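The structure under discussion appears below in the form of structure tokens.
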Amino acid sequence: MMNLTLSNEKIYTGSLLLVNAEYPIQDFGEEKLLPVTEDSEIRMKREAVYILRLIFEKIDCFDSIVPVSGYRSVKEQADIYETSLQDNGEDFTRKFVAFPYHSEHQTGLAVDLGLKKEEIDFICPDFPYEGICHRFRQEAPRYGFIERYPKGREEVTGIAHEPWHFRYVGYPHSEIMSTKNLTLEEYITFIRQFPYTGKHLKWSKEGREMEIFYVPAGTAGNTRIQLPDDICYQVSGNNVDGFVLTLQCKSV
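My numbering applies: residue 3 is where the sequence shown begins, and numbers increase by one.
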């Protein structure tokens, strides 16, 4: 067995960060940002960019779907919020624009997408449930992206329905969330049912077998666990109270 030490500082890094009105972002990681496409000024975290490009290539949508907004700095988010207040009013802004430090766009893991048109609404781009946009939605969870703010879940997410807003959470989390119809808020709670010291969540599909469990943050500044030797694993903080570990098991 190998020993793994999880520093409490890492609670605020990873692909499963829950960022909303209650939990602000702590770590911005601007140095890890890349352009979403070769000719785009919009940036995201490296792993999210790589996967988004894979989906675009799979469905051949570079000429029909465009990234509208990706990573935003604190200043950019504050400017967008204030501008929307002036242009659209308080009710609209509170529904569709998060406060600075509470926006997923500040993680570098979120992207707003829109149909390619001469004029695109920056706050609410057109991304219908048909055609090429429907194909993107179908493929997204198979690679690591979710539609973050689905219709009917406004009370859970605190944000109005945003069919254009997608979030990279990584695989297999995206597919589990899609299959079980869970928002990120609900998934973070769901995973706590599978602690390191108890029964783990098993996920198997197309010969891939994975094991997922939750590790609460220790009170001494770090947490020590043991994993099997020579196993591939990923660690993500949840931005709340601990870590989610994903083990890549042997193919079945």
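Built from N, CA and C at the ideal position, the CB exists for glycine as well. Note that this is a predicted model, so its numbers are computed, not measured.
*Roughly how many angstroms lie between the CA atoms of Phe58 and Val246, to the nearest whole one?*
28 angstroms
*Does the beta-carbon distance from Val76 to Gly116 come in below 7 angstroms?*
The Cβ-Cβ distance between Val76 and Gly116 does not fall below 7 angstroms.
_Could you tell me the alpha carbon to alpha carbon distance between Asp243 and Lys119, rounded to whole angstroms?_
42 angstroms
*By a C-beta neighbour count over all protein chains shown, 10 Å radius and 16 as the cutoff for buried, is Val254 buried or exposed?*
Because the pLDDT of Val254 is 45, which lies under 50, any placement of that residue in the model is unreliable, and the question is left without a value.
*Kindly indicate which residue of Phe138, Lys207, Trp205 and Ile27 has the alpha-carbon position closest to the one of His167.*
Answer by Cα proximity: Phe138.
_Closest Cα partner of Arg210 within the set Ile190, His136, Tyr173 and Gly160_ = The candidate whose alpha carbon is nearest that of Arg210 is Tyr173.
*Would you call the region 32-51 and the region 149-166 in contact, with 3 or more CB pairs under 8 angstroms?*
no
*Ser206 burial status per 10 Å Cβ neighbour count (16 or more: buried)*: exposed
*Given Ile27, which residues of its chain have a CB within under 8 angstroms of its CB, disregarding the five upstream and five downstream residues?*
Closer than 8 angstroms at the Cβ level, and outside the excluded window around Ile27, lie Tyr14, Leu19, Val21, Tyr103, His104, Ser105, Gln108, Thr109 and Asn241.
*Which same chain residues, not among the five before or five after Ile161, have their C-beta less than 6 angstroms away from its C-beta?*
Same-chain partners within the cutoff: Tyr151.
*Flag this pair as yes or no: are the beta carbons of Leu184 and Glu213 separated by less than 7 angstroms?*
no
*Would you mind sorting Asp231 into buried or exposed? The rule is 16 or more other CB atoms within 10 Å of its CB.*
exposed
*How is Ile233 classed by DSSP in three states: helix, strand or coil?*
coil
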